[in-house]
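Note that this note's numbering has the sequence shown beginning at 1093, numbered continuously upward.
Note sheet for the following structure.
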Amino acid sequence: MVTESLIRKKFVHETMTEGINKIFSEQQRIFSSRFNSRTGRLETFLSSHSFDRQISDGRYSVFIHLYAHLRFLDMQYRRQDLSPRPKKANIYNKVVWGILFREVFPELRYGFTDEVRQQLRDQLQSALNP
1093 MVTESLIRKK
1103 FVHETMTEGI
1113 NKIFSEQQRI
1123 FSSRFNSRTG
1133 RLETFLSSHS
1143 FDRQISDGRY
1153 SVFIHLYAHL
1163 RFLDMQYRRQ
1173 DLSPRPKKAN
1183 IYNKVVWGIL
1193 FREVFPELRY
1203 GFTDEVRQQL
1213 RDQLQSALNP
């Protein structure tokens, strides 16, 4: 039996998974085009798309595993006054928050239309009743 809550969970799951995969692929694209790889660990991490999902009691949580060095690639300091200065590529904040606020959150808010509901209902029914 396909319920409304199951359809909502599937929509949220698909939207979040698509957004997170887009974040990782965009970060990987920026990193490979603008940074020199030394050990290859950061590039391997970005290509692994490492995240966990947890669904319980109608709550959907996503835990993204971060490589610690990734957060600091956005910052660069001048030698004279040690003031922050933007680097040639924003690989963390601009990518993560840009995709979340411009694509994922609006899709979650406005993308759950009647057509999407019906399409997901049909997918779930065909999966349950082959």
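Where is the CB? At the ideal position from N, CA and C, for every residue including glycine.
Cβ shell of residue i (< 7 angstroms), same chain only, five flanking positions each side left out
i	result
residue 1157	1142, 1143
residue 1199	1107
residue 1192	1111
residue 1147	1101
Endpoints, the beta strand (DSSP E) within which residue i is located
i	result
residue 1154	1151-1156
residue 1123	Run containing residue 1123: none in the beta strand (DSSP E); it sits in the alpha helix (DSSP H), 1096-1126.
Same chain, Cβ closer than 6 angstroms to residue i, five either side skipped, listed in chain order
i	result
residue 1105	none
residue 1190	none
residue 1162	1184
Terminal residues of the alpha helix (DSSP H) in which residue i lies
i	result
residue 1191	1185-1191
residue 1130	Taken as a continuous stretch (DSSP letters only), residue 1130 belongs to no alpha helix (DSSP H), as it is neither H nor E.
residue 1204	Residue 1204 -> no alpha helix (DSSP H), and no H or E assigned at all.
Nearest-angstrom Cα separation, counted from residue j out to residue i
i	j	result
residue 1221	residue 1183	44 angstroms
residue 1204	residue 1103	7 angstroms
residue 1195	residue 1125	23 angstroms
residue 1145	residue 1152	7 angstroms
residue 1134	residue 1159	7 angstroms
residue 1208	residue 1186	29 angstroms
residue 1109	residue 1154	9 angstroms
residue 1137	residue 1122	14 angstroms
residue 1113	residue 1140	10 angstroms
Residues sharing a beta bridge with residue i, DSSP
i	result
residue 1148	1151
residue 1143	1156
Contact set for residue i: own chain, Cβ-Cβ below 8 angstroms, skip 5 residues either direction
i	result
residue 1094	1213, 1216, 1217, 1220
Margin query: Under 8 angstroms: do the stretch 1111-1118 and the stretch 1212-1221 share three or more Cβ pairs, one atom per stretch?
Written below: no
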